[in-house]
Structures are given as structure tokens and as C-alpha cells.
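Residue numbers (the working numbering): 78 to 410. Beta carbons: idealized from backbone N, C-alpha and C, even for Gly.
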């Protein structure tokens, strides 16, 4: 049998053109975008919790969740406008509706959800006993129609809330950034779990402890989903998932895991303990923020190092698979 000849030329090592990135880095700014992602998720999770609390008869928790949803949507929109630089850039997105564009769909989701959550909160606040004087100043027909309109808006936010909590995950995954694009299956679950944990944390902190039981359940469940999705991302992505494990983004993601795990565990044992409830809520909030900052930082690191783009493409070609071509990188949500 003929002996196989040794290769005379060593296998070429990976390198890019003068070591420069091969894709455009995300231009989203810190802290505007991470805070927008957090507040949008908080609003979406709180809307869903508000509807569930209302159906279960937990009126005090439902009021807290409605106010949280409206505040999150309003503040989040403010950070988005700050990111865009000019408000008309967002308004221009509402001129058309393009189902194939995550940016277009997301803009309409944000606009619809913000309006509905504001109406639901206005109805709840004016109907509350401390605000009865405010309700008395409204026109009679408006005061009579506001409770029903508010309840209908609250039901509608139960539909727009989950979309609000997850559309940003679809948005970042619909880019050429490897750490985001390759995690397109898990990012919606990561963001949804973080949103539910954030809403539960706020419900625990702002609702009397005797009435905050469902918020503790939501916080623990959201933390579990977030932790599971994060673990799958790091395990499945291999080389492309390195930014979630190394460098600044890796430190942020590890902090997010520790805070989320600790906060979720405390939520299950806090009961009516003031100290444990406060620690759980603050840990979950900090964990959710670290998750958003960590994901964005991982995207930056992934785009800056060309190996995360070129090496997987070469591996797909060598294995006989057609190299996938993700969509061009977006510059804003």
C-alpha cells in the first residue's frame, strides 16, 4: 500500500486583512441601549403580570404592575429617542408597516404597547381611592368610560407585553454580528425570562409583602428561564459563544448569572421577610441590567474580532454545508 505523502505546506493560520474586522461593529451606545432593552422588557413582563393579577383578584399587585408597565414603556422610549438623536427618526418608522423588518414591526409594537399601558394605568390610578378627587375633575362621560377602557387596554397589553419583551432579541439576532445571530434561538427566551424576573422583582419591591406572592413566583420562574437560556447559549455556540464567557462581556454575564440565581432563590424563600424580599428584588434587577449590558458588549467583542466571522464560515464550507449569510448589521432598533 502506498504511503500517504506528508503535506509540504503547513496549514494556513487564520488571519484577516491587516487584522481589521470584516463586519461593521454595532453603533448602539451605552448606557442608552442597554437601559432601553431593560425597560422595554420590564414593561412587557409587567403588562403580562398585571393581566394575570387582575384575573386572579390580586388588585393591589395588578395596580403596581400597570404603573410599572407604563413607567417602563415611557422611560424606555425616552432612552430610545436619546439613542436615535432625533425623535423624528422613530416617527418615520411608523410611516409604513413592513412585516419582514424587525425594526418596522418593533416600532409598531413599541408605539401600541406604550399607548395601551398608559391608558390602562390612567384608568387604574384615577379609580384608586387616593385619586378619587382626580377622577371627580374629569368630564362625566370620560370618568364613566375610563374604567372599561382601561380594563380593555390592560387585556390588550397581555398580548403586546410578550412581544415587547422579546422583539428586541429578534432585532439583535437579525444582524451579521456572530454572537447575536448564532444565538437567535435562545435570545428570545433569555430576554423573556429576564423580563419576567424584572417585573416580578418590581412587584415584590413595590407591593405589600402579604399581597406579593404571585410576584415572587413570577420572579423565580423568570430567573429559571433566563439562567437556562444563558447556559444553552454558552454551550451550543462553541467558538462564537466565547464573548459570552471571556473579557468584559464574560464578566458581566457571570455577574448576571450570580445575581439572577441568588435573587431567584431568595424569591422562593423570602415569604413576608422584608430584608429577603428587598435583597431578592434588588439582585434580580441588577442581574437583568447585567444581562442587557453583557449581551450588547458580547456583540461588540464578536464584531471586533474577525475570527468569529471567518472561522465558522470556513468550518461550514469544509463540512459541506452552505455558509449562511445573515442580514446586514443594523444600527438602531
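Per DSSP, the unbroken alpha helix (DSSP H) holding residue 387 starts and ends at 384 to 395. In the three-state DSSP reduction, residue 178 falls in the coil class, being neither helix nor strand. Restricting attention to 232, 301 and 333, the CA atom closest to the CA of residue 142 is found in 232. When only Cα atoms are considered, residue 234 and residue 202 end up about 17 Å apart. Here the C-alpha atom of residue 189 lies approximately 28 Å from the C-alpha atom of residue 289. Counting other Cβ atoms within 10 Å of its Cβ, residue 377 reaches 16 or more and is therefore classed as buried.
Within the model, the alpha-carbon separation for residue 297 versus residue 127 is close to 17 Å. 7 Å or more divides the Cβ of residue 242 from the Cβ of residue 283. Check the Cα spacing between residue 278 and each of 101, 123 and 131: the tightest is with 123. In this structure, 293 is the residue among 293, 177, 312 and 330 with its C-alpha nearest to the C-alpha of residue 342. If you keep only unbroken alpha helix (DSSP H) runs of at least 4 residues inside the segment 107 to 194, you get 109 to 133, 136 to 161 and 164 to 170.
Take residue 266, set aside five residues on each side of it, and the residues of its chain with a beta-carbon closer than 7 Å to its own are 302 and 306, in chain order. In the three-state reduction of the DSSP assignment, residue 348 falls in the coil class, being assigned neither a helical nor a strand state.
DSSP, read as helix, strand or coil, puts residue 260 in coil. Collapsing the DSSP output to three states places residue 252 in coil. Here the segment 363 to 376 makes contact with the segment 102 to 121; the two share three or more CB pairs at distances below 8 Å. 7 Å or more divides the Cβ of residue 149 from the Cβ of residue 178. According to the DSSP assignment, residue 291 belongs to the alpha helix (DSSP H) that extends over 290 to 313. Around the beta carbon of residue 320, 16 or more other beta carbons lie within 10 angstroms, which makes this residue buried.
Excluding the 5 residues flanking it on each side, residue 336 has same chain C-beta neighbours closer than 8 Å at 360, 361, 363, 364 and 367, in chain order. Judged by beta-carbon spacing, residue 160 lies within the 7 Å limit of residue 110, meaning their Cβ atoms are closer than that value. In the three-state reduction of the DSSP assignment, residue 103 falls in the coil class, being assigned neither a helical nor a strand state.
Minimum Cα-Cα distance from residue 199 among the listed residues 352, 312, 261 and 147 corresponds to 147. With respect to residue 191, residue 154 sits close: the two C-beta atoms are nearer than 7 Å. For residue 350, the closest alpha carbon among the candidates 324, 285 and 263 is that of 285. Residue environment analysis places residue 103 among the buried positions, since at least 16 neighbouring C-beta atoms fall within 10 angstroms of its C-beta. In this structure, the beta-carbon distance from residue 107 to residue 383 does not fall below 7 Å.
Spatial neighbours of residue 175 in its own chain (CB-CB distance under 6 Å, excluding positions within 5 residues in sequence) are listed in chain order as 181. By the criterion of a C-beta distance shorter than 7 Å, residue 304 is surrounded in its chain by 334, 337 and 338, once the five residues flanking it on both sides are discounted. The beta carbon of residue 324 sits closer than 7 Å to the beta carbons of 378 from its chain, once the five residues preceding and following it are set aside; these are given in chain order. Distance from the CA atom of residue 392 to the CA atom of residue 315, rounded to whole angstroms, is 12 Å.
Collapsing the DSSP output to three states places residue 369 in a helix. By the neighbour-count criterion, in which 16 or more other beta carbons inside 10 Å mark a residue as buried, residue 184 falls on the buried side.
Relative to residue 97, the option among 394, 387 and 345 whose CA is nearest is 387. Using a 10 angstroms sphere on the CB of residue 308, the tally of other CB atoms stays under 16, which defines it as exposed.
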